[in-house]
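What follows is a single structure, written as structure tokens, with notes after it.
Numbering (my numbering), first residue to last: 1232 to 1597.
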């Protein structure tokens, strides 16, 4: 938006401006807020209110809100959603996982239980995006983390797979935040990852690729548009490194089958003279998607490392450098089965997920 005095209005189909949507909850957080409103309406014997984009925006706790934007009413000093237990300590993770597991059910008839569960989880969980159950928590050193929990209808160890891919990414030279895998109440694991929009207790300005590319949807968009954005508005001191990192990330996404790579799963943090590529997040092997959401070149979203290599010049990379990056990625991903076994993923789950690594397997076989 330009710095003008006249009113601005978001597109009706979006309900809010992109930069504010980045600070708002997605499906999981919205589900918690909608259930809380329905329960309050029942207690107050009224019809539930329809919650709109602004309700979700101001309903998020200030402490855990994504990025550096904060909101308060004119003439007040207190930020909206200033709740002390917005991110409970790591010692509460077992309770948070148990509550999130119950709340992931589509139907809950025990209203007393629902009331208790929402009281526990709305503050730490409502600020987060995505559809799966999760909550913010505070580690013993005071850093802010996210716990991503198993859901009631899971038939695969989703958390363990995200951890496996996370470890492979680090080995492949992809920038990822600290993470760990724990097992609490469930047969499946909880994946925990540190928030990268906090640095030494300070908030970092963050915006999704959806917002900065001024898109309404991801389909038809290319990774090359992210590269073009870094060239035009990237932090000059780091633009070349970020372009190489983005190329490495594209190759890695193809190799591990991270095909749900839509624009809200890519983002940028504000540097000194422009935007920096944010660390990779929400990287998972997708067994139910045959193609990437984003195109690898201008038009093709089929998983192919040869297509990725053909785009090297757009990232400012010579062919030899690009091929070396792809080989480093492949070498890291070679060990995916061993990494899965170390994460105690069952053999049947490993075989079921093998298809996500098909691009890696095909290139290794050629």
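Ideal Cβ positions, reconstructed from N, Cα and C, are used throughout, including at glycine.
Proximity winner among 1276, 1371, 1413, 1498, relative to residue 1249 (alpha-carbon distances): 1498
Requested in this report: State buried or exposed for residue 1408, treating a residue as buried only when at least 16 other CB atoms are found within 10 Å of its CB.
Outcome: buried
I'd like the ranges of any alpha helix (DSSP H) spanning at least 4 consecutive residues and lying wholly in the segment 1306-1386.
1324-1334, 1342-1356
- Closest to residue 1293 by CA distance: which of 1287, 1286, 1301 is it? 1301
Which class does residue 1607 belong to by DSSP, given the choice of helix, strand or coil?
Residue 1607 falls outside the range modelled here, since the chain spans only 1232 to 1597, and no answer is possible.
inquiry  = On the criterion of 16 or more Cβ atoms from any shown chain inside 10 Å, does residue 1451 qualify as buried, or is it exposed?
reply    = exposed
Quiz item: For residue 1584, which residues of its own chain have a beta-carbon under 6 Å away from its beta-carbon, when the five flanking residues on both sides are left out?
Solution: 1516, 1518
Fill in: For residue 1255, the three-state DSSP class (helix, strand or coil)
If DSSP states are grouped into helix, strand and coil, residue 1255 belongs with coil.
What does residue 1424 pair with, by DSSP beta-bridge criteria? 1377, 1410
Would you decide whether residue 1544 is buried or exposed? Buried here means 16 or more other CB atoms lie within 10 Å of its CB.
exposed
**Asked** Cβ of residue 1511 within 8 Å of Cβ of residue 1400?
**Response** yes
Q.
Check for me: the alpha helix (DSSP H) holding residue 1541 runs from which residue to which?
A. 1536-1541
Count the other CB atoms, across all protein chains shown, that sit within 10 Å of the CB of residue 1239; report buried if there are 16 or more and exposed otherwise. exposed
Residues near residue 1339 by beta carbon distance below 6 Å, same chain, minus five either side: Taking C-beta separations shorter than 6 Å and ignoring five residues to either side along the sequence, the partners of residue 1339 in its chain run 1345, following chain order.
| request: Decide if the segment 1520-1535 is in contact with the segment 1473-1486; the criterion is three or more beta carbon pairs, one per stretch, under 8 Å apart. | output: yes
Subject >> Straight-line gap, residue 1267 to residue 1278 (C-alpha atoms, nearest Å) >> reply: Roughly 13 Å separates the two Cα atoms.
Assuming contact is defined by CB atoms lying nearer than 8 Å, are residue 1328 and residue 1421 in contact in what I supplied? yes
| message | Using only the alpha-carbon positions, how far apart do residue 1530 and residue 1361 sit? | response | 27 Å
Span of the beta strand (DSSP E) around residue 1437: 1437-1439
Task: Cα-Cα separation between residue 1423 and residue 1288, rounded to whole angstroms - done: The straight-line gap from Cα to Cα measures roughly 24 Å.
With 16 other Cβ atoms within 10 Å as the buried cut-off, status of residue 1336: exposed
**Prompt:** Comparing alpha-carbon positions, which option in 1478, 1435, 1439 lies nearest residue 1454?
**Reply:** 1478
Hey, out of 1235, 1236, 1245, whose CA is closest to residue 1445's CA? 1245
CB-CB under 7 Å to residue 1405, same chain, minus the five flanking residues each way: which ones, in chain order?
-> 1479, 1480, 1483, 1511
Where residue 1449 sits in the DSSP three-state scheme: coil
Check: Is residue 1260 helix, strand or coil when you go by DSSP?
Finding: helix
| said: Whole angstroms are fine: how far does the CA of residue 1588 sit from the CA of residue 1578? | reply: When rounded, the separation of the alpha-carbon atoms in residue 1578 and residue 1588 is 15 Å.
Requested in this report: Would you kindly work out how many angstroms separate the C-alpha atoms of residue 1551 and residue 1538, rounded to a whole number?
Outcome: If you take the alpha carbons of residue 1551 and residue 1538, they lie about 15 Å apart.
DSSP on residue 1526, reduced to helix/strand/coil? strand
Self-check item: Beta-carbon separation (whole angstroms), residue 1270 vs residue 1342, contact threshold 8 Å
Solution: 7 Å
* Asked: If residue 1463 and residue 1419 are in contact, beta carbons under 8 Å, what's the gap, nearest whole angstrom?
  -> With a Cβ gap of about 43 Å, residue 1463 and residue 1419 do not count as contacting.
Quiz prompt | Strand pairing of residue 1434, partner residues [DSSP] | solution = 1429
So, at 6 Å on beta carbons, what are the nonlocal neighbours of residue 1395 in its own chain, with the 5 sequence-adjacent residues on each side left out?
1570, 1571, 1574
* To do: Just tell me which of 1368, 1472, 1371, 1440 has its CA closest to the CA of residue 1460.
  => Per the Cα distances, 1440.
- prompt: By DSSP, does residue 1249 sit in helix, in strand, or in coil?
  reply: helix
Spatial neighbours of residue 1351 within its chain, please: C-beta separation below 8 Å, excluding the five flanking residues on both sides. 1326, 1327, 1330
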